[in-house]
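Data block below; observations after.
2 protein chains.
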Amino acid sequence: MIKNMTEDQITLYIIKSLKENRKKEFEIITDELQPYDIAKIYEELPEKHKKRFLLFLNTDLLADLIQELQKEEQIDVLNRLGIEKTGKVLDLMDNDDLASLLDDLSPEKIASLLSGMKKEESKIVQDIMNYPPETAGRLLTNRFVWIRDNYTVREAVDKLKTFAEFAETINYLYVVDQHQKLVGVVSYRDILMADAHEVIRDIMYERVISVLVDTDQEEVARIIERYDFLAVPVVDEKHTLIGIITVDDIIDVVIQEANEDIEKLSATGKSIDFETKSFVAAYRRLPWLILLLFIGLVSGSIISTYEETLEKVVALAFFMPMIAGMTGNTGTQSLAVVVRGLVSHDIDKKVVTKLVLRELSVGIIIGLTCGILISIIALVWQGSFVLGLVVGSSLLLTLIIGTLAGTVIPLILYRFNVDPAIASGPLITTLNDIFSLVTYFGIATMFLNKLM
Amino acid sequence: MIKNMTEDQITLYIIKSLKENRKKEFEIITDELQPYDIAKIYEELPEKHKKRFLLFLNTDLLADLIQELQKEEQIDVLNRLGIEKTGKVLDLMDNDDLASLLDDLSPEKIASLLSGMKKEESKIVQDIMNYPPETAGRLLTNRFVWIRDNYTVREAVDKLKTFAEFAETINYLYVVDQHQKLVGVVSYRDILMADAHEVIRDIMYERVISVLVDTDQEEVARIIERYDFLAVPVVDEKHTLIGIITVDDIIDVVIQEANEDIEKLSATGKSIDFETKSFVAAYRRLPWLILLLFIGLVSGSIISTYEETLEKVVALAFFMPMIAGMTGNTGTQSLAVVVRGLVSHDIDKKVVTKLVLRELSVGIIIGLTCGILISIIALVWQGSFVLGLVVGSSLLLTLIIGTLAGTVIPLILYRFNVDPAIASGPLITTLNDIFSLVTYFGIATMFLNKLM
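If you read the sequences in order, they're chains A and B.
Count the first sequence with the UniProt record's numbering and you get residues 1 to 452, in order.
Count the second sequence with the UniProt record's numbering and you get residues 1 to 452, in order.
Rendered as structure tokens:
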């Protein structure tokens, strides 16, 4: 019925049904809505209607709703539900989502929430929470259908029918032997095309690509992206099938990892979004800024060591920001190329040498172009040929240094398993500040008598 | 057979089969490999073996192989295949991948490639190429199964069986009316659970979420991510079903969009990766750097207007890099928060005001902390209370300005439909350079007589 209604009409209709306490109408509409839509409506709902809204939703939809909400709201909703209903709802949630919901709650809170759940379900959730963060184990769900290799196609289809409701995605069926070891995979399509009496072992695809529970989530994302999978099976070291990771979780991982790179490149500090409170945001950003404040003072003290030079030729100060800025920027450019390159590339000696040489020649080309340009400008502006020469040659040198620093530093960090994005923009920038000032004033001092 | 072989063993085995010209062995192995693996092996293959490798692969695998390769290699392979085989292979490729392959080739080359293809296939490819870049139209595939709303479940399953081989993913079936208009969707699971005689219209889900051909790919990604879909149907303005977009293409979009944000934030210049030649890379990076060179000179000329002040109190120069650097950095931090926030948020007045106020108070908190800190340092280092006051108050002001600039500028750009990431790190940084210098020297000049 609602397929032609606008979102606002739907919301109004729902509010009406809540006001007039018409559960039936409410259910007819919500049954046709996507979890995301239900969550949006709930969030916009006037406080006074929320209670009944939750009362009217059946446990399935409640589970869907909660999975779409922000952490604080999730807890809020659970508190409104009351312990007994909460248990039922949590049983229905994807256990990877549930695990991340519980993640940084107090042990007491976790215990009380899990207490209401089915033993086996809460067991699984606790297992998931025991895997290190950002690993495959944290993303896996047990809502999938496995079949035995000795099943016939008919037996497989029967099992499917029984579990279809509960299975998250049944696009592939993973095949296990009598020890629950993963031995193959059949696509839904294969089943459909095969005859009822064929044995799974004969139609399954044996070389099934899987990940280990402790595989890093970035690696899992890379595999799903390369192979265009909709899901990937997760096994333990004994190759026992533990669960599957579905592509929808992987999209979230990809977005999250990209944001982390950007946060680090811009030293934003961890996970600040539109909802973060100002004090929290400031607190997360301050450490970086204070560090940079001191590094900035280093640049300052470098300048102070050249106080004499500066006093004699104040004009040198005019080009300081430009040189420092350019060097810092070219460094950031190289850094960004490296950091994003690492997302999709496997790094070996060959790649590294190729990359470093590439960036070196980029530095030289850029340096020559800008160096010559600035020499002319300096000459015209300050009417001093020597000054032009000093500024130009400094820029040439510092741009080359800057480019290399932006390339080599992240690669070294990567080599030692430090996340290269940590060598964030500001850090490279400030290091390059220092390089550039030393070069600039160094050269200037050499030509000092000619400059005056 | 190969399920227990390492990648190297597989490669060696394949080379062996090529050397000894054993097509059978070659086929047994390649049949079990994933497209990505076949591509990897082909790339690593010694030149002298590539010809036969392509000769041995059947057209299906050739199509798979080409879809996994870089553009240059794709063209190279097609050239090796010869016009007639090329046609067959192109017919089998996903038409969205084919469209992006042809995208920036010469019209002649495109014509000659399409000439070998089936009329209807090449027609579709040309249609796709006519959609604007980065829209849904460019990502859609016609390799999907649609069913009529008046089919029975049995008829639907029969159609599935006929088309399963050809359908890209058959997790959902999209339902159309007699005019090919999209009227519903049934999941594979629904079909499986329903009785053979039920009519699709009665079991289908009517409120099907779809995108228009000209929807921006970022919006498509947002929809698939929100609803955790595996595919989304694409319709024209008449709501006629044209094709579907599958989640695997969306993962690539998400990665691509994230890279674009980073490129812009770091002003890397468009699409520079590990493969880009140095001259190209330099050429793409130079425009930004030259722009920044001139903006940098603006800072310089500002300083030059305060030449007197600077000559009288050279110590002021010591704090320049720190103040400029900090202001620039805090701006970049805010910018990153905004740019990434826009990825997942819908922006309205409420959100904007909330955000700006948040960042304002963040700026104040940060400014006070760092301002007081630096005043003390300046006092201790240079032994001048006034200097400490000047530096401290300047930093307080500039940090507030910097934070606001980093928040407001991208939001304004967004408001006027300019990609806010364009207000890239360096740009904000340099603007903030200028703000900070004016503030710093302005305040310093006011206190000049006290400073000396």
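Where a beta carbon is used, it is the ideal one built from N, C-alpha and C, also for glycine.
Remember, it's a predicted structure, so these values are computed and weren't measured experimentally.
Secondary structure note for A/Gly300: its alpha helix (DSSP H) is the uninterrupted segment Ser278 to Thr305. Contact of A/Tyr36 with chain B is assigned, a C-beta pair being separated by under 7 angstroms.
Ranked by Cα distance from B/Lys181, the options B/Leu18, B/Ile147, B/Glu198 and B/Leu389 are led by B/Ile147. Taking each of A/Gly82, A/Glu84 and A/Glu72 in turn and checking the Cα distance to A/Leu101, the smallest one comes out for A/Glu72. Here A/Leu397 has Thr439 as same chain residues with Cβ atoms under 6 angstroms from its own Cβ, once five neighbours each way along the sequence are excluded.
In this chain, B/Tyr151 is not harboured by any alpha helix (DSSP H), its DSSP state being neither H nor E.
Taking the Cβ atoms as the reference, B/Ser210 lies roughly 53 angstroms from B/Ile323, outside the contact range of under 8 angstroms.
Residue contact check for A/Phe441 against chain B: no CB pair falls below 7 angstroms.
For A/Ala231, the pairing in a beta bridge is given by DSSP as A/Thr246. The residue among A/Asn79, A/Val185, A/Met5 and A/Gly388 with its C-alpha nearest the C-alpha of A/Lys450 is A/Gly388. Between the C-alpha atoms of B/Met446 and B/Ser394 there is a straight-line separation of about 12 angstroms.
Pairing A/Leu355 with A/Ile409, the inter-Cα distance amounts to about 13 angstroms. The beta-carbon of A/Pro321 is placed less than 7 angstroms from the nearest beta-carbon of chain B.
Annotated as distal: B/Glu7 and B/Pro35, with beta-carbon spacing of 7 angstroms or more. Proximity to A/Ile302 across A/Glu84, A/Leu431, A/Ala258 and A/Ile15 peaks at A/Leu431, based on C-alpha coordinates. Neighbours of A/Ser304 across chain B, judged by C-beta separation under 7 angstroms: Phe318. Pairing A/Val199 with A/Tyr131 gives a Cβ-Cβ distance that is not under 7 angstroms. No residue range can be given for A/Ser106, since it is assigned to no beta strand (DSSP E) and is classified by DSSP as neither H nor E.
Where A/Tyr13 is concerned, there is no enclosing beta strand (DSSP E), although the alpha helix (DSSP H) around it starts and stops at Glu7 to Lys19. Within chain B, Asp248 have C-beta atoms less than 7 angstroms from the C-beta of A/Asp228, given in sequence order.
Beta-bridge analysis with DSSP links B/Ser393 to no other residue.
Excluding the 5 residues flanking it on each side, A/Ile223 has same chain C-beta neighbours closer than 8 angstroms at Ile209, Val211, Phe229 and Val232, in chain order. Put simply, of A/Phe163, A/Ile366, A/Gly341 and A/Thr309 the residue whose alpha carbon is nearest the alpha carbon of A/Ile443 is A/Thr309.
Assignment of A/Ser334 by DSSP, reduced to helix, strand and coil, places it in the helix class. Listed along the chain, the chain B residues whose CB falls inside 9 angstroms of the CB of A/Ser301 are Phe318 and Trp381. If you draw a straight line from the Cα of B/Leu241 to the Cα of B/Ile128, it is about 14 angstroms long. Judged by their CB atoms, B/Leu65 and B/Ile38 are nearer to each other than the 7 angstroms cut-off. Spanning the alpha carbons of B/Tyr174 and B/Asp96 requires a straight line of approximately 19 angstroms. In the DSSP assignment, A/Tyr174 falls within the unbroken beta strand (DSSP E) covering Tyr172 to Val176.
Listed in chain order, the non-local C-beta contacts of A/Tyr188 below 8 angstroms within the same chain comprise Ile170, Asn171, Tyr172 and Leu173, local neighbours out to five positions each way being set aside. In this structure, the beta-carbon distance from B/Thr162 to B/Gly116 does not fall below 7 angstroms. Between A/Ile251 and chain B, the shortest Cβ-Cβ separation is below 7 angstroms. Bounds of the alpha helix (DSSP H) holding A/Gly367 are Lys349 to Gln382. Put simply, the CB of A/Val145 is far from chain B, with every gap to its CB atoms at 7 angstroms or more.
B/Val185 has B/Tyr174 and B/Tyr205 as its beta-bridge partners, per DSSP. In this structure, B/Leu427 is the residue among B/Gly392, B/Leu427, B/Pro321 and B/Arg80 with its C-alpha nearest to the C-alpha of A/Asn329.
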